[in-house]
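Chemist: Mapping of the sequence shown onto the working numbering: residues 3 to 149, in sequence order.
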Amino acid sequence: MHQGSKKPRVLHAALQNVPRRETVIMAMKIVKYLLLVFVVVAIGTTLTACSKQCKATRSNGEKCVRKAERHSDYCYFHMTKDPTVRRCESMTNKGTRCKLPAESNSNFCEMHNVAPKDQCKAITTKGTRCSRAATKGGYCTQHYKMI
Numbered sequence: 003m004h005q006g007s008k009k010p011r012v013l014h015a016a017l018q019n020v021p022r023r024e025t026v027i028m029a030m031k032i033v034k035y036l037l038l039v040f041v042v043v044a045i046g047t048t049l050t051a052c053s054k055q056c057k058a059t060r061s062n063g064e065k066c067v068r069k070a071e072r073h074s075d076y077c078y079f080h081m082t083k084d085p086t087v088r089r090c091e092s093m094t095n096k097g098t099r100c101k102l103p104a105e106s107n108s109n110f111c112e113m114h115n116v117a118p119k120d121q122c123k124a125i126t127t128k129g130t131r132c133s134r135a136a137t138k139g140g141y142c143t144q145h146y147k148m149i
């Protein structure tokens, strides 16, 4: 019986050195908060280092407030002013030239760069290539009927 009564005392003495549950929970919350702060600061630093202001001036003479596009000194709107960026050669529905930059391996932007095997081979009355998907014999359904 003596031995049985000593065990609880030893266990009680060992538990005296263990921090309380609330202390452990508070420490975990502090670690989570510090980790969150670190991540937010790291992301913010990366974004500000990568994003720069557009170099163009607006029509009223003020400096453009937009952020420059990646690998350029100009924003999307002023991208046409950048001499190092090739513009897409496609025409818009309004009849103006597309203002998006051409992809590195193509003369067209991401939106107008359709794989040739999937694009209709016909030429429209405006002189541009049909932008519809090819379904039969390399033509869209409308142009296939005209053959």
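Note that CB positions come from ideal geometry on N, CA and C, so glycine has one too.
1) Once DSSP output is grouped into helix, strand and coil, what is the label at Ala29?
2) Count Cβ pairs between the segment 108-116 and the segment 84-94 that sit closer than 8 Å; are there 3 or more?
3) Starting from Tyr146, trace the alpha helix (DSSP H) both ways and give me its first and last residue.
4) Which class does Arg68 belong to by DSSP, given the choice of helix, strand or coil?
5) Does the beta-carbon distance from Tyr146 to Lys123 come in below 8 Å?
6) Run through DSSP, which three-state label would Met81 get?
7) Since Phe79 and Arg72 are thought to touch, with beta carbons under 8 Å apart, how far apart are those beta carbons, to the nearest angstrom?
Modeler: Result, derived from the coordinates:
1) Here residue 29 refers to the residue found at position 27 when the sequence shown is read from its first residue. Three-state DSSP puts Ala29 in a helix.
2) yes
3) Within the sequence shown, numbered from 1, the residue matching residue 146 stands at position 144. Run containing Tyr146: 143-148, per the alpha helix (DSSP H) assignment.
4) Position 66 of the sequence shown holds residue 68. Coil.
5) Counting from one through the sequence shown, the residue named residue 146 turns up at place 144. Counting from one through the sequence shown, the residue named residue 123 turns up at place 121. Contact flag unset, no.
6) Start at 1 with the first residue of the sequence shown, and residue 81 comes out as number 79. In the structure shown, Met81 sits in a helix (DSSP, three-state: H, G or I).
7) As a position in the sequence shown, residue 79 is number 77, starting the count at 1. As a position in the sequence shown, residue 72 is number 70, starting the count at 1. That pair is no contact at about 15 Å.
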